[in-house]
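Student:
Numbering (the numbering used here), first residue to last: 260 to 578.
1. Report the partner residues of residue 401 according to the DSSP bridge assignment.
2. Looking only at DSSP bridge pairs, what is residue 560 linked to?
3. With a threshold of 7 Å on Cβ separation, who are the neighbours of residue 288 within its own chain once the five nearest residues in sequence on each side are excluded?
4. Which same chain residues, not among the five before or five after residue 497, have their C-beta less than 6 Å away from its C-beta?
5. Among 339, 512, 350, 362, which has the Cα closest to the Cα of residue 376?
6. Grouping DSSP H, G and I as helix and E and B as strand, with all else coil, what is residue 500?
7. Which stretch, first to last residue, makes up the alpha helix (DSSP H) that contains residue 534?
8. Report the three-state DSSP secondary structure of residue 299 (helix, strand or coil).
9. Taking the C-alpha atoms as reference points, what is the distance between residue 571 and residue 490?
10. Using alpha carbons as the reference points, say which of 448, 488, 512, 508 lies closest to residue 565.
11. Residue 583: which of 478, 516, 334, 404 sits nearest, CA to CA?
12. In angstroms with no decimal places, state the Cα-to-Cα distance between residue 353 and residue 393.
13. Below 7 Å CB to CB, which residues in the same chain sit around residue 374 once its five sequence neighbours on both sides are set aside?
14. Got a sec, what are the start and stop residues for the beta strand (DSSP E) residue 323 sits in?
15. Specify the secondary structure class of residue 490 as computed by DSSP and reduced to three states.
16. Flag residue 458 as yes when its Cβ comes closer than 7 Å to any non-hydrogen atom of the ligand ADP, and as no otherwise.
17. On the three-state DSSP scale, how would you describe residue 342?
18. In the structure shown, what three-state DSSP assignment does residue 354 receive?
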């Protein structure tokens with residue numbers, strides 16, 4: 260197993276894969292006569308993944324990107340960077356999308372939601388299902404989680420695998436949201452079940468250096484995906500206009516957290532970086548997080564389907 264220290268978690272950058280992806284994107288844009296530059300993308304939830312995608316699409320397509328945030332300060336900051344951002348949130352203190360924001364949504368050629376569902380349902384669908392229904396000629400996507408599969412005792416899972424979650428599990432809310440997104444869009448919405456997300460500022464190296472690493476004995480198998488590859492998956496899906504369906508999005512090397520954290524400690528120690536010992540890290544790990552991780556179960560997520568379906572897709576960080 261190889262690891263890329265600068266990017267944060269154990270991973271190997273696929274040789275030539277980024278260049279291949281870039282080349283494919285350029286060729287496709289030429290075939291479309293630059294049509295992607297005219298795209299109007301709307302992203303519900305400009306958080307870690309949403310912001311990364313917005314910047315990725317601006318760089319690759321040079322298109323208009325707008326979206327939502329719960330924070331007025333963050334909305335101002337992103338708008339100043341050329342990502343027009345509107346206030347929106349559901350829950351106990353809802354913020355409705357303003358008239359300009361609704362106009363951007365209606366005019367969008369591509370719509371993505373990164374906002375998680377709650378016990379009250381999916382806030383985007385509660386407020387904007389009718390608008391989404393009117394966008395059937397557009398690309399629509401929803402980010403879900405591989406957590407919907409529950410515990411498969413370390414075995415591989417694909418899109419046809421059983422979803423082993425109880426009605427009281429958090430994952431049940433994601434499953435219900437997936438079904439509603441597919442229904443709301445008349446089956447035309449893509450659902451992307453993401454593995455554990457990592458990348459700059461959100462990595463095993465950050466966790467180990469800050470003393471937030473998980474227990475050494477946490478040996479359940481976990482799949483992961485780099486935020487750059489999430490952006491590439493979403494962009495190529497938008498470009499390919501392939502049949503909408505449910506897809507797993509994961510890299511090629513599922514492994515346990517203890518394997519990753521132990522290797523990261525070794526890398527940091529080789530660089531002369533002082534790191535908390537394993538016992539101290541285990542002592543400060545949040546108990547609630549441990550409980551949530553335990554409920555996710557052990558499994559290895561296969562992403563063979565999306566690679567076979569979406570033309571031109573290559574992962575840059577394969578492990």
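In this text, a Cβ means the ideal position worked out from N, Cα and C, and glycines have one as well. Quick caveat: nothing in here was measured; it's all calculated off a predicted structure.
Tutor: According to the structure data:
1. Per DSSP, the beta bridge partners of residue 401 are 372, 450.
2. Per DSSP, 416.
3. Caution applies to residue 288, whose pLDDT of 42 falls short of 50 and renders its modelled position unreliable; the model cannot decide the point.
4. 369, 398, listed in sequence order.
5. Selection 339, 512, 350, 362 evaluated against residue 376 yields 350 as nearest (Cα-Cα).
6. DSSP places residue 500 in coil when its eight states are reduced to three.
7. Unbroken run through residue 534: none, as it is neither H nor E.
8. Of the three classes helix, strand and coil, the one that applies to residue 299 here is strand, per DSSP.
9. For residue 571 and residue 490, the distance between alpha carbons rounds to 14 Å.
10. Closest by alpha carbon: 508.
11. With the chain running from 260 to 578 in the structure shown, residue 583 is simply not present.
12. Going from the Cα of residue 353 to the Cα of residue 393 covers about 23 Å.
13. Correct list, in chain order: 303, 304, 382, 383.
14. Secondary structure note for residue 323: its beta strand (DSSP E) is the uninterrupted segment 323 to 328.
15. Helix, per DSSP.
16. Here there are no bound small molecules, and the ligand ADP is not part of this structure.
17. The answer is coil: DSSP assigns residue 342 none of H, G, I, E or B.
18. DSSP places residue 354 in strand when its eight states are reduced to three.
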